[in-house]
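**Q** Please see the structure below; I have some questions.
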Amino acid sequence: MDSPENLKEYLAAIVENSDDAIITKNLDSIIQTWNRSAEHMFGFTAEEAIGQPITILIPDDRHHEEMDIIARLRRGERIRHFETVRRRKDGCVVPISLTVSPVRNASGDVIGASKIARDISLQKEAAERQRMLLAEMRHRVGNCFAVAGSLITVSARQVETAGELAILMRGHLLALASAHKLAVADPTGETSGSTSFRELVSSIIEPFVGEKVHDLDIEDVRIAPASITPLALIFYELCTNAIKYGAFSQSDGHLSVAARRRGDRFIIDWRERCDIDPETAHGKSFGTELCHDVAKSALGGTITKHFEATGMRARIDLDPARFAA
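For the sequence shown, our numbering gives the first residue as 465, with consecutive numbering after it.
Okay, structure coming up:
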């Protein structure tokens, strides 16, 4: 490596084999060089990219970024870790972290730029998962307090002394803990195997209703372990809403749940008979939106609700191939 030619070859090999996309361009934004990682990231071969304007990678609504980058380069500035998105050959966009450095000639004049682009898709996905997890945690913790408060209110109507209330509440909370254990995945990854649809629904409903009569007509379908949590989220949200302002909040309220295969679908009919304010009950919350997202993404289904003065009906239409064991 003692000759300039060997050094150039060595540096070229480093660039060509870098995990990051490395591109050079002139001040007219025309691509001059294009390494192998740029091919993988953006889908264009070197032959397709070199000689083309850098705007082939930039979405239309972000062309102003290139104008700003060129202006800063002319002033000799370096742009570090600029997070943006760029467009692949197939039209998809990829989130990247971009570092742009001025390239100078022997006289020190800026004649172009080197751009190092790093794909940050995984980091963005991880950040979004964390955001969703925190939002779900906030919602669940809030729901726990709301459920506990509602259980106290409902239970107080059934007893005469504080001691009786304590005993009844203890039973409700222990049942709720048992349902939670059945419904929520073990963080260690261990699982007790599949459970039945009826067992899951019963375990979630029981803490809210105690010995109160409710009708369950549920086909005995086994649920794959991975589908227990998304199904539990849906039923727990329905129960939470029922105890806030639905059938579980009223002494004469009544719930019936029917679940059956119909052709290649699994239809759940959840009916609450109670006095209800459709305007209050119909309000969207994180839990409601989460349930719709879970039904669609994890269970191949939809949830529709109908409110009227005499109660609420929810129809949950699922793909059994997505959850049956």
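Yeah, the Cβ is synthetic: ideal placement off N, Cα and C, and Gly gets one too.
Just checking Glu-683 against the ligand ATP - is the residue's beta carbon closer than 7 Å to any of the ligand's heavy atoms?
**A** The model depicted lacks the ligand ATP and carries no ligand whatsoever.
**Q** Put Leu-697 into one of helix, strand or coil per three-state DSSP.
**A** Correct three-state label for Leu-697: helix.
**Q** For the alpha helix (DSSP H) that contains Leu-664, what are its first and last residues?
**A** Looking at the DSSP string, the run of the alpha helix (DSSP H) that includes Leu-664 is 661–673.
**Q** Could you tell me whether the stretch 572–582 touches the stretch 594–609, where touching means 3 or more Cβ pairs closer than 8 Å?
**A** With the cut-off at 8 Å, the stretch 572–582 and the stretch 594–609 do not touch.
**Q** Cα separation between His-756 and Phe-609?
**A** So the two alpha carbons sit approximately 23 Å from each other.
**Q** Considering only the beta carbon of each residue, do Arg-552 and Gly-515 sit closer than 8 Å?
**A** No, these two residues do not count as a Cβ contact at 8 Å.
**Q** Ala-723: buried (16+ other C-beta within 10 angstroms of its C-beta) or exposed?
**A** Buried, since its Cβ has 16 or more Cβ neighbours within 10 Å.
**Q** As a quick exercise: from Arg-544, Ile-494, Asp-525, pick the residue whose alpha carbon is nearest that of Ala-510.
**A** The option with the nearest alpha carbon to Ala-510 is Ile-494.
**Q** Alpha carbon to alpha carbon, how far is Arg-777 from Asp-739? Give it in angstroms, no decimals.
**A** In a straight line, the C-alpha of Asp-739 is about 13 Å away from that of Arg-777.
**Q** Quick check on DSSP: helix, strand or coil for Leu-491?
**A** Leu-491 falls in the coil class under three-state DSSP.
**Q** Could you tell me how far apart the beta carbons of His-528 and Thr-519 are, in whole angstroms, since I believe they sit closer than 8 Å?
**A** Incorrect: roughly 11 Å between the Cβ atoms, too far for contact.
**Q** Where does Ala-785 fall in DSSP's three states?
**A** Of the three classes helix, strand and coil, the one that applies to Ala-785 here is helix, per DSSP.
**Q** According to DSSP, is Arg-551 helix, strand or coil?
**A** Of the three classes helix, strand and coil, the one that applies to Arg-551 here is strand, per DSSP.
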